[in-house]
Every structure is written in structure tokens, then in C-alpha cells.
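Q:
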Ligand SMILES: C[S@@+](CC[C@H](N)C(=O)[O-])C[C@H]1O[C@@H](n2cnc3c(N)ncnc32)[C@H](O)[C@@H]1O
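Residue numbers (the numbering used here): 320 to 567.
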């Protein structure tokens, strides 16, 4: 069977205001979609595996790109918190979607969550080191992207991955898998009670998703020795895990 070609289309949710009722409803739909996709378990399996560097009492620095309302990472944090007890989490998104109550729930787990409202392409164009970090290595221990990279293609996607590789020691992306099963699933999403925005965007997301080694092929190998693992995860997802194994 011929593989589906990758086609990136503008998703309706991205064009709606933060407080548009259909956008708010679609973001709630997304939480149900994550349950069906098993996203939380997929992320936990990948993250728990990593022997993360700890220097003394320094907190673990985690960045989520395109974090949305921060609710998916919160569900992950609840499971991770016993092992990852002191985390500085930055939730980056171009919309301000994280409720104060969500930040408080992170705080109860011992995680300090802060929100950065920014277009990721501005983040890519910005400095590789956080202010005050000097030359002490990558500024993030972990960068995570969920249902986010598929918004990008071509040079933008390559530049985004290059910026990620320059700024972290561990990277995990969990994206839609571009395949027939996921496509059928995306057409059935109305059965979850999803609204028209979610139903349309789900199909677009699968067409814009990834398969094979497509993300790894764009990873900037020259900048450090990285250990990459890429492939299907669960029924509908496609993951890239990248661990820095050598000096930059
Ligand atoms: C499909 S949602 C995923 C949200 C969350 N990661 C999750 O899995 O529940 C994609 C998110 O990416 C954000 N986004 C899209 N393009 C962006 C960009 N260029 N810069 C920053 N955020 C962006 C959107 O605002 C949205 O919150």
C-alpha cells in the first residue's frame, strides 16, 4: 500500500481566539483524545527510562513546547513526581491557556510551573542559553513536544529541531502517526463527542503526522553525539526520543 504523503494544513483551532467557545470545547475534547491515544502512558514510559543528570540539589529543568493548557503534562507530572521531585517546568505556547489552578496543582507536586507566551519560531531565533546560564551546557534537561511538531514542515521544522538539539540533553516528541489506522481513527473521533473543530483538526493532524525515521532524518547529528529512537507508539502515535550521549 502506498504510504500517505505528508501534507501540513492550517488547523482551525490555531486560528481561533483563546476564549472562543468552540476552541475551549476543542481543548477539552483534546483531553479525551489523549486518553484514547494513551498519550500519558506513552510519555511516562519514555520519560521514566531516562537516567537524568542531577547536579546536587539543582532542579530538573523541563520545557514543553506548544504546551496548550498544560493539562496533559500535569497528568504525567502526577505519576512522575515521586521520582522527579524537584522540577522547574516551563510551558511555552503562543496562546495563554494555562489556568492559575493548573499551576497550583503543579506546585502541590513540588513542580514550579511557569508559562511563556511566545511563538516557538521566536524561541528558535532567540539565544541558545537561558540568561545567566553561561557556557555550562544545554539549558534544559528535558524538552517535550506533544502533538506539536506536526504543525511545521520544511526549513521551519529543521530549524526547530536544530534549536531543540542545541538547548537540551533529552528530547521527547509524541506526534500523530501518519498511517491508515490513525486516519480511520481520526474520522471516528466524533464518537467521543468531539466538536467540528476537533473532528476536522484530527484528520488534518494525521495527514501532517510522521512515520518511519522522518524526524530523526532532520535531527542535527553533527552538533553532538545523539542516541535517537524513533517509531510507532501505541495505536496512533509516533515518537522520537533523543538523548545527548556526547559533548556538543
Ligand atoms: C494540538 S495542541 C497540543 C497541546 C498540548 N501539547 C497537548 O498535547 O495537549 C497544539 C498547541 O500548539 C500551540 N502552537 C501552535 N503553533 C505554535 C507556535 N508557532 N508557537 C507556539 N505554540 C504554538 C497551539 O497554541 C496549541 O496550544
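Backbone N, C-alpha and C define an ideal beta-carbon position, used for all residues, glycine too.
(1) Would you check if the distance between the CB atom of residue 521 and the CB atom of residue 352 is smaller than 8 Å?
(2) Residues in the same chain with beta-carbon distance under 6 Å from residue 489, minus the five sequence neighbours each way, listed in chain order, please.
(3) According to DSSP, which residues form a beta bridge with residue 464?
(4) Among 333, 329 and 384, whose alpha-carbon lies nearest the alpha-carbon of residue 411?
(5) Is residue 439 close to ligand 1? I mean its beta-carbon at under 7 Å from any heavy atom of the ligand.
(6) Go through the stretch 401-447 residue by residue and report every complete run of the alpha helix (DSSP H) that reaches 4 residues or more, in order.
(7) What residues are listed by DSSP as bridge partners for residue 545?
(8) For residue 493, count neighbouring C-beta atoms within 10 Å of its own C-beta (all shown protein chains included) and say buried if the count is 16 or more, exposed if not.
(9) List the DSSP bridge partners of residue 550.
(10) With a threshold of 16 other CB atoms inside 10 Å of the CB of residue 345, please say whether the residue is buried or exposed.
(11) With a 10 Å radius around its C-beta and 16 neighbouring C-beta atoms as the bar for buried, classify residue 457 as buried or exposed.
(12) Going by the C-beta, is residue 447 closer than 7 Å to any heavy atom of ligand 1?
(13) Any heavy atom of ligand 1 closer than 7 Å to the CB of residue 510?
(14) Measure the C-alpha to C-alpha separation of residue 320 and residue 499 and round it to an integer number of angstroms.
(15) Between which two residues does the alpha helix (DSSP H) carrying residue 367 extend?
(16) Would you mind working out which of 428, 491, 473 and 443 sits nearest residue 364, comparing C-alpha positions?
(17) Do residue 484 and residue 430 count as a contact pair if the criterion is CB distance below 8 Å?
(18) Could you tell me whether the stretch 403-423 touches the stretch 434-441, where touching means 3 or more Cβ pairs closer than 8 Å?
(19) Taking all protein chains shown into account, do 16 or more other C-beta atoms lie within 10 angstroms of the C-beta of residue 469, making it buried, or fewer, making it exposed?
(20) Distance check for residue 334 and residue 528, CA to CA, integer angstroms please.
(21) Kindly indicate which three-state DSSP category residue 379 falls into: helix, strand or coil?
(22) To the nearest angstrom, report how far apart residue 342 and residue 390 are at their CA atoms.
(23) Cβ of residue 387 within 7 Å of any heavy atom in ligand 1?
(24) Buried or exposed: where does residue 326 fall if 16 or more other Cβ atoms within 10 Å of its Cβ makes it buried?
(25) For the putative contact between residue 367 and residue 407, defined by C-beta atoms under 8 Å, what is the C-beta separation to the nearest angstrom?
A: Inspection of the coordinates gives the following:
(1) yes
(2) 369, 461 and 562
(3) Under the DSSP definition of a beta bridge, residue 464 partners with 384 and 492.
(4) 384
(5) yes
(6) At a cut-off of 4 residues, the continuous stretches assigned as alpha helix (DSSP H) that sit fully inside the stretch 401-447 are 419-427 and 439-444.
(7) 563
(8) It counts as buried.
(9) Looking at the DSSP assignment, residue 550 forms a beta bridge with 558.
(10) The C-beta of residue 345 has 16 or more other C-beta atoms within 10 Å across all chains shown, which makes the residue buried.
(11) It counts as buried.
(12) For ligand 1, not one heavy atom lies less than 7 Å from the Cβ of residue 447.
(13) no
(14) 10 Å
(15) Counting along the chain, residue 367 sits inside the alpha helix (DSSP H) bounded by residues 358-367.
(16) 491
(17) no
(18) yes
(19) buried
(20) 19 Å
(21) strand
(22) Residue 342 and residue 390 have their alpha carbons spaced roughly 15 Å apart.
(23) yes
(24) exposed
(25) The Cβ separation is near 19 Å, so there is no contact.
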